[in-house]
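Chemist:
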Amino acid sequence: MRSMHATASPSAAAGGSSTPSPGVSSVEVYGFVGWITSSVAYVLFLLWAFTPERVLEAHGVTYYPSKWWALAIPAWASVTVVFAFWLYESLCMISAPPLGSPTMLRGRLSKSKEDSGLASYFGGVGRGIPPLVDVPPELVSMVLHSGLAPREAEQLFDERQRRRGAARVRADAVESWEGAVPD
85 MRSMHATASP SAAAGGSSTP SPGVSSVEVY GFVGWITSSV AYVLFLLWAF
135 TPERVLEAHG VTYYPSKWWA LAIPAWASVT VVFAFWLYES LCMISAPPLG
185 SPTMLRGRLS KSKEDSGLAS YFGGVGRGIP PLVDVPPELV SMVLHSGLAP
235 REAEQLFDER QRRRGAARVR ADAVESWEGA VPD
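In terms of the working numbering, the sequence shown opens at residue 85 and continues consecutively.
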């Protein structure tokens with residue numbers, strides 16, 4: 085193994101600069117040993133799995149696990165990987181707030197399509213890059229989960245928003261009218 089310490093080159097002795105000689109770090113050594121070990125273990129696993137028992141016994145190997153494990157370990161590992169992906173996706177879905185949650189409200193820095201002067205969330209603005217806007221979660225849910233095309237979902241969303249706005253205006257008018265009438 086080469087040294088990791090700086091060595092003086094002949095030019096350094098003559099007054100030049102000293103440069104460290106390249107060495108092998110411990111991470112590289114551990115990585116190489118790990119690679120060799122895993123390769124040898126894999127070859128031994130394949131030999132044990134595919135060599136008939138009579139051949140193993142003829143060579144004096146009599147103490148080894150059942151061949152059932154040659155199928156069980158890879159099957160278990162495959163199911164574990166699939167389960168890990170499923171678990172990760174499930175945890176992401178659980179941690180997402182519901183659409184009606186206060187955390188899903190617009191913040192002071194968020195922009196709607198109206199704020200940016202866009203006619204549609206999904207429409208182009210010509211050949212340029214469209215401005216950055218926040219697409220409402222309800223609209224995203226409509227597109228992803230209801231099977232509607234983006235433009236259809238946006239029309240339905242806008243219609244619902246207009247109805248909600250009209251209902252709010254009526255409710256505000258009723259409240260103001262009730263406040264003006266003496267008891």
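Cβ atoms here follow ideal geometry from the backbone N, Cα and C, with glycine treated the same way. Please read all numbers here as calculations on a predicted model, not as lab measurements.
Only counting the same chain, and skipping five residues up and downstream in sequence, which positions put a Cβ closer than 8 Å to that of K197?
Modeler: Counted from its first residue, the sequence shown places residue 197 at position 113. Closer than 8 Å at the Cβ level, and outside the excluded window around K197, lie A203, S204, Y205, V217.
Chemist: Going by Cα to Cα distance, which pick from G231, V219, L228 is closest to D242?
Modeler: Mapped onto the sequence shown, residue 242 falls at position 158. The candidate whose alpha carbon is nearest that of D242 is V219.
Chemist: Are there 16 or more other CB atoms within 10 angstroms of the CB of V227, so buried, or fewer, so exposed?
Modeler: As a working mapping, residue 227 is identified with position 143 in the sequence shown. It counts as buried.
Chemist: Looking at the structure shown, is D199 part of a helix, part of a strand, or coil, going by DSSP?
Modeler: Position 115 of the sequence shown, counted from the first residue, corresponds to residue 199. D199 falls in the helix class under three-state DSSP.
Chemist: With a CB to CB cut of under 6 Å and the five nearest residues on each side skipped, what residues in its chain are close to P234?
Modeler: Working through the sequence shown from its first residue, we reach residue 234 at position 150. Excluding residues within five positions, the ones whose Cβ falls inside 6 Å are F206, V227.
Chemist: Cα separation between V165 and L175?
Modeler: Translated into positions along the sequence shown, residue 165 becomes position 81. Translated into positions along the sequence shown, residue 175 becomes position 91. Approximately 15 Å, taken between the alpha carbons.
Chemist: Determine the extent of the alpha helix (DSSP H) in which M177 is found, giving its start and end residues.
Modeler: Taking the first residue of the sequence shown as 1, we reach residue 177 at position 93. 152-179 is the extent of the alpha helix (DSSP H) around M177.
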